[in-house]
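Chemist: First residue of the sequence shown: 31, per my numbering; consecutive thereafter.
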Amino acid sequence: MVKKLAVVALGGNALLRDHEKGTIEEQEKHTTETLENLIFLINQGYDLIVTHGNGPQVGNILLRNEAGEETYGISPMPLDICVADSQGGIGYMIERIFRNVLTRHKINKNVVTLILMVEVDPQDQAFAAPTKRIGMSYTQTQAAKLTKDKGWIFKQSSPDEQGWRRVVPSPIPISILNLKLIGDLARQGNIVITCGGGGIPVFYDTTKEIRTVDAVIDKDLASALLANGVGAHEFYCLTDVPFIFKDFGLPTQEKLEFLDYNDTLKYLEAGTFGEGSMAPKIEAALSFIHHGGEKSIITEASKLEDKSVGSKITMKYER
């Protein structure tokens, strides 16, 4: 009997929560709570690949970059190195804590963290219109100077704020490097932690050498691509709400529990889901189903064991 393979994308609240300082103690606490919930999937016989976000962490790395350059004249590292740093640090933390959780449950499994590069198209239209905000907030004067000195592009933090933040492209991922290795490791029973922050965006030049770009990749979209590439049966997006909601926060709010591909696509195109929050997860879930996945589940980590809870997207409507 072939064991089922699941890719589980940990949302930001799996590691950090809003209005927290982001101390290592806070991150370890939330990570432990999240990973405890994945034991249910292991006990159900699933092989696992775990992916994760890195937004707050890579933001802190960029802050250290900037503080080190300004205060001590330390050469700042480019964005791809910062993303790699976050993959290594967060992956290490998840791996160590996962090993401890497995030990407490008397489960004997290897856990391995892989730094992941993801191929993008250097001609992707995202490079012509950067939108992804990263790093600290600057005054308009500071932003203008950095644009002149470093060629960075800035946008106002929000219409209600005075700060300006650097924006970078967020190209669509097109292929995963080391894909077969990841799939082989997972199907051999190892828990693989990879695709941190959507992976490090790279491309091949005309001589087939790997080059980097100043960009970031959507974590859920890259995770869905990875899930399809390894032939995963199910794709989980863990977030801070147990269900997808139509018109969230409005008088017309409605819980959407069982969804099929076509209806979900219609909701997405109609702008039913929050652009900066739920919509990217919906897009990733739909991509996974469209390219052959059996089921996408969007829910809270604590609800995994309760199979009656969570929004499930399949190609055909299910009850």
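Every residue gets a Cβ at the ideal spot worked out from N, C-alpha and C, and that includes glycine.
No experiment lies behind these values; they were computed from the predicted model shown.
#1: Quick check: the Cα distance between residue 35 and residue 140, rounded to an integer number of angstroms?
#2: How would you write the range of the beta strand (DSSP E) that residue 147 sits in, first residue to last?
#3: If you compare alpha carbons, which of 291, 293, 274 is closest to residue 355?
#4: Touching or not, the segment 248 to 268 and the segment 218 to 235, by the rule of three or more beta carbon pairs under 8 Å?
#5: Pair every Cβ in the segment 145 to 156 with every Cβ in the segment 193 to 206, then say whether three or more of these pairs are closer than 8 Å.
#6: Between the segment 168 to 180 and the segment 213 to 225, do three or more beta carbon pairs fall short of 8 Å?
#7: Roughly how many angstroms lie between the CA atoms of residue 195 and residue 170, to the nearest whole one?
#8: Name the residue from 300, 266, 256 whose alpha carbon lies nearest to the alpha carbon of residue 276.
#9: Indicate the three-state DSSP secondary structure (helix, strand or coil) for residue 261 in the structure shown.
#10: Could you please give the first and the last residue of the uninterrupted alpha helix (DSSP H) stretch that includes residue 202?
#11: Could you check which residue in 192, 111, 159, 80 has the C-alpha nearest to that of residue 172?
#12: Quick one: what's residue 135 bridged to in DSSP?
#13: Run the CB neighbour count on residue 283, radius 10 Å, all protein chains shown included, and call it buried at 16 or more, exposed below.
#14: Under 6 Å Cβ to Cβ from residue 334, same chain only, skipping five residues before and after it: list those, please.
#15: Among the residues of its own chain, which have a CB less than 6 Å from the CB of residue 310, if the five just before and after it don't count?
#16: With DSSP as the reference, label residue 113 as helix, strand or coil.
#17: Sorted by chain position, which residues of the same chain lie with C-beta nearer than 8 Å to residue 106's C-beta, five sequence neighbours on each side aside?
#18: Closest to residue 290 by CA distance: which of 279, 271, 323 is it?
#19: Mind checking which residues open and close the beta strand (DSSP E) that includes residue 196?
#20: My parser needs the alpha helix (DSSP H) runs of 4 or more residues fully inside the segment 308 to 345; what are they?
#21: Rounded to a whole number of angstroms, what is the C-alpha to C-alpha distance between residue 325 and residue 174?
#22: Could you pull the DSSP bridge partners for residue 238 from this structure?
#23: Could you pull the DSSP bridge partners for residue 186 from this structure?
#24: So what does DSSP say about residue 88, is it helix, strand or coil?
#25: Does residue 156 pass the burial test, meaning 16 or more other C-beta atoms within 10 Å, or should it be called exposed?
#26: Taking its Cβ as the centre, do 16 or more other Cβ atoms sit within 10 Å of residue 104, making it buried, or is it exposed?
#27: Find out if the Cβ-Cβ distance for the pair residue 164, residue 72 is shorter than 8 Å.
#28: Over what stretch of residues does the beta strand (DSSP E) that includes residue 289 continue unbroken?
#29: Excluding sequence positions up to five away, which residues of its chain have a Cβ less than 6 Å from the Cβ of residue 160?
#30: Straight-line CA distance for residue 131 to residue 332?
#31: Could you tell me the distance, in whole angstroms, from the CA atom of residue 241 to the CA atom of residue 154?
#32: Less than 8 Å between the C-beta atoms of residue 345 and residue 319, yes or no?
#33: Are the beta-carbon atoms belonging to residue 206 and residue 79 less than 8 Å from one another?
#34: Following the continuous beta strand (DSSP E) through residue 213, name the residue where it begins and the one where it ends.
Modeler: According to the data block:
#1: 16 Å
#2: 147 to 150
#3: The requested residue 355 is not part of the displayed model; the chain covers only 31 to 349.
#4: yes
#5: yes
#6: no
#7: CA-to-CA, the gap between residue 195 and residue 170 works out to about 9 Å.
#8: Checking every option, the nearest Cα to that of residue 276 belongs to 300.
#9: In the structure shown, residue 261 sits in coil (DSSP, three-state: anything other than H, G, I, E or B).
#10: Counting along the chain, residue 202 falls outside any alpha helix (DSSP H), and DSSP gives it neither H nor E.
#11: Of the candidates 192, 111, 159, 80, the one whose C-alpha sits nearest the C-alpha of residue 172 is 192.
#12: Partner(s): none; residue 135 has no beta bridge.
#13: With fewer than 16 neighbouring CB atoms inside 10 Å of its own CB, residue 283 falls in the exposed class.
#14: Annotation for residue 334: 67, 70 place their beta carbon closer than 6 Å to its own, counting only its chain and skipping 5 residues before and after.
#15: Excluding sequence positions up to five before and after residue 310, its CB lies within less than 6 Å of the CB of 248, 250, all in the same chain and listed in chain order.
#16: If DSSP states are grouped into helix, strand and coil, residue 113 belongs with the helices.
#17: The beta carbon of residue 106 is closer than 8 Å to those of 95, 96, 98, 99 in its chain, skipping five residues each way along the sequence.
#18: 323
#19: 194 to 198
#20: 308 to 320
#21: 47 Å
#22: Answer is none; residue 238 lacks a bridge partner.
#23: 194
#24: Residue state, collapsed to three classes: helix.
#25: buried
#26: exposed
#27: no
#28: 288 to 290
#29: Correct list, in chain order: 183, 197, 198, 199.
#30: 15 Å
#31: 15 Å
#32: yes
#33: Residue 79 is positioned such that its CB atom lies no closer than 8 Å to that of residue 206.
#34: Element bounds for residue 213: not the beta strand (DSSP E) but the alpha helix (DSSP H), 209 to 217.
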